[in-house]
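Let me begin by presenting the structure, written as structure tokens, before commenting on it.
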Amino acid sequence: MKHNDNPALVLVGLILLFGAGNLVFAERGDENLWHSGWTYKAGDAIQVGARPYLLVEDMDDGRLKKKLRSCENGTFHKTDFSIGHRGAPLRFPEHTRESYLAGARMGAGILECDVTFTRDKELVCRHSQCDLHTSTNILQTDMAAKCSVPFQPAVIDPNTGETLVKAKARCCTSDITLAEFKALKGKMDGFNPNATTVEGYMNATDSSRADRGTLMTHAESIELFKSLGVKMMPELKSPSVTMPFEGTYTQQQYAQQMIDEYKAAGVKPDQVYVQSFNIDDVKYWIRNEPRFGKQAVYLDGRFGDKKFDHTKPATWSPGMDQLVADGVTIVAPPMWMLVAVDGKNRVVPSTYAKAAKAAGLRIIAWTLERSGSLKTGGGWYYQTIESVTSNDGDTFKLLDVLAKDVGVIGIFSDWPGTVTYYANCTGR
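In this text, residue positions in the sequence shown follow the numbering used here: the first is 112, and each later residue adds one.
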């Protein structure tokens, strides 16, 4: 806050943007004040918060804005179209109990646990096997000594203040046991590469956010999601360690272990969308666990391959027809691969989207509400429609095309309330 900011106006602005409940949680630092033992029951109305209304008001005038405005006094309910990407990480530490509860409260019908493993081969929820140094408090604990790369401070030129060597650390779930993992606390993901102390390294996120949370095992996430009445979308994360881990734990055992935890919890396969960027994982489930493999999701990350061009089917290997032949039923690329701008500056389905639909594949898109301000084009997730993206209200413009023209069956969001609002208003 600047010295001349009006505190009352700042408070009102935060409430408008993120909702009063979230603000109370962020300021008081007690998750129980916001959630208070809350669980979702079938038919319950949920809370989308104030952010969707703000985005609607920021839209360009037109049919869609008029439609979304007409729902401002409506009652909202959870929907499978709204997928909580790691919970609600726009304001809560990802993959924490608090983030998942926030996502469910905002109507996400499906929640995601990114699955990786500890040194004793237990499954936990983390976006990456080696992100503990940026997403937890491990560097402030005795476990910091167990990190693959303990904290190393930045080297600063004493004369110019320039950073000569950036600070670094690398802490992995495979560095520690499950019991040690459970002793950690989650934080908003981020770090300061110019820091000379652990405290400075970790102090790199917006202080208004709920910068702590309860870490969860994969099994605990299953029980929580069952209690919330939501479906589950676990992603088997690519290991950062060499497989077989410690010479015995294979990729196939890892993939099977994730399925086994759903079976042990009595979860029906139609309540679970297992997903992976590794097509071999998806094929494994289709072949060995067909009831779960029936709706396994192939996360398409081939944009990182220089030979791959999402506008040229000849560069796709496997192509859409081959994926179908292999038993794949759902593909999930980033949003930008599904849309393009036509000659009239309209956002339309891309070549990739049309080919997937023609092959009979269902589509899930990722990730809405992860791009910050859209005033300058939206960045990575909007790269194919940057020329027609100029305000935050364009969030709904893209969402509408993905829903109506591309025909996605769901969309990941870092703030599920936005997608929930749209889905309820348009009958998704």
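The beta carbon of each residue, even a glycine, is placed where N, CA and C say it ideally should be.
Pick from the options that is closest to residue i, judged by C-alpha positions
| i | options | result |
| --- | --- | --- |
| ARG197 | LEU166, ARG237, LEU250 | ARG237 |
| PHE414 | GLN406, PRO424, ILE441, ALA407 | PRO424 |
| PHE228 | PRO355, MET170, ASN502 | PRO355 |
| PHE523 | VAL167, CYS182, MET343 | MET343 |
| TYR164 | ILE194, ASP503, ALA514 | ASP503 |
| CYS536 | GLY218, ALA255, LYS277, ARG208 | GLY218 |
| TYR470 | ILE441, ASP453, TRP526, PRO264 | For clarity, residue 470 is Ala in the given sequence; the question names Tyr instead. Measuring from the Cα of ALA470, the nearest candidate turns out to be ILE441. |
| TRP477 | GLN382, GLY412, PHE187 | GLY412 |
| LEU166 | ALA199, LEU479, VAL435 | LEU479 |
| ASN456 | THR500, HIS421, GLY340 | THR500 |
| VAL435 | TRP447, VAL459, ALA407, VAL458 | ALA407 |
| PRO460 | THR422, LYS296, GLU233 | THR422 |
| ASP191 | SER484, GLU223, LYS468 | GLU223 |
| VAL352 | LYS189, VAL341, TYR365 | TYR365 |
| PHE565 | ASP155, LEU212, ASP169 | No information on residue 565 is available, as it lies outside the stretch 112 to 539 that the chain covers here. |
| VAL235 | LYS348, HIS244, GLU357 | LYS348 |
| ALA199 | GLY185, THR359, ASP322, GLU233 | ASP322 |
| LYS296 | HIS244, PRO345, GLY430 | HIS244 |
| TRP427 | ASP392, ILE397, ALA467, ARG398 | ALA467 |
Backbone CA spacing between residue i and residue j [nearest angstrom]
| i | j | result |
| --- | --- | --- |
| PRO261 | VAL309 | 10 Å |
| GLY214 | GLY528 | 8 Å |
| TYR384 | LEU179 | 29 Å |
| GLY301 | PHE292 | 19 Å |
| GLN368 | ILE520 | 27 Å |
| PRO350 | LEU335 | 25 Å |
| CYS258 | ASP286 | 6 Å |
| ARG202 | GLY538 | 27 Å |
| ILE474 | GLN263 | 43 Å |
| ASP172 | TYR463 | 30 Å |
| TYR373 | PRO380 | 8 Å |
| ILE221 | ASN303 | 33 Å |
| ILE157 | LEU339 | 12 Å |
| ALA161 | VAL530 | 13 Å |
| TYR533 | PRO445 | 19 Å |
| ARG139 | ARG320 | Residue confidence is low: ARG139 scores 28 on pLDDT, short of 50, so the model does not pin down where it sits. No coordinate-derived value is stated. |
| ASP231 | LEU289 | 7 Å |
| THR271 | ALA376 | 58 Å |
| LYS405 | GLN386 | 11 Å |
| ILE370 | THR487 | 42 Å |
| SER193 | ASP516 | 17 Å |
| ILE390 | GLY195 | 23 Å |
| GLN433 | ASN248 | 44 Å |
| ASP317 | LYS298 | 11 Å |
| GLY311 | LEU250 | 11 Å |
| TRP526 | PRO269 | 42 Å |
| MET254 | ALA294 | 10 Å |
| LEU513 | ALA443 | 12 Å |
| TRP447 | GLY489 | 11 Å |
| GLU233 | GLY438 | 29 Å |
| GLN362 | PHE403 | 17 Å |
Continuous alpha helix (DSSP H) stretch holding residue i: start and end
| i | result |
| --- | --- |
| LEU434 | 431 to 436 |
| VAL309 | 309 to 313 |
| TYR532 | 527 to 537 |
| GLY404 | 401 to 404 |
| PHE336 | 329 to 339 |
| PHE292 | 289 to 293 |
| SER246 | 243 to 246 |
| ARG180 | 174 to 180 |
| VAL167 | 162 to 168 |
| SER507 | The sequence shown places Phe at residue 507, rather than the Ser named in the question. 505 to 511 is the span of the alpha helix (DSSP H), which, as asked, contains PHE507. |
The beta strand (DSSP E) enclosing residue i, as first and last residue numbers
| i | result |
| --- | --- |
| VAL452 | 450 to 452 |
| THR274 | 274 to 276 |
| TYR493 | Per DSSP, TYR493 belongs to no beta strand (DSSP E) and is neither H nor E. |
| ARG473 | 473 to 479 |
| VAL459 | 458 to 460 |
| ARG281 | 279 to 281 |
| PRO261 | 260 to 263 |
| ILE441 | 441 to 443 |
| LEU410 | 408 to 410 |
| GLY521 | 521 to 524 |
Every unbroken alpha helix (DSSP H) inside the stretch 344 to 375 [4 residues or more]: 362 to 375
Touch test, the stretch 319 to 329 against the stretch 277 to 286, Cβ-Cβ under 8 Å, three pairs minimum: no
Inter-stretch contact at 8 Å, needing at least 3 Cβ pairs: the stretch 165 to 178 / the stretch 194 to 209: no
Any 3 or more C-beta pairs closer than 8 Å across the stretch 478 to 498 and the stretch 448 to 458: yes
Alpha helix (DSSP H) segments (min. 4 residues) lying fully within the stretch 191 to 235: 208 to 216
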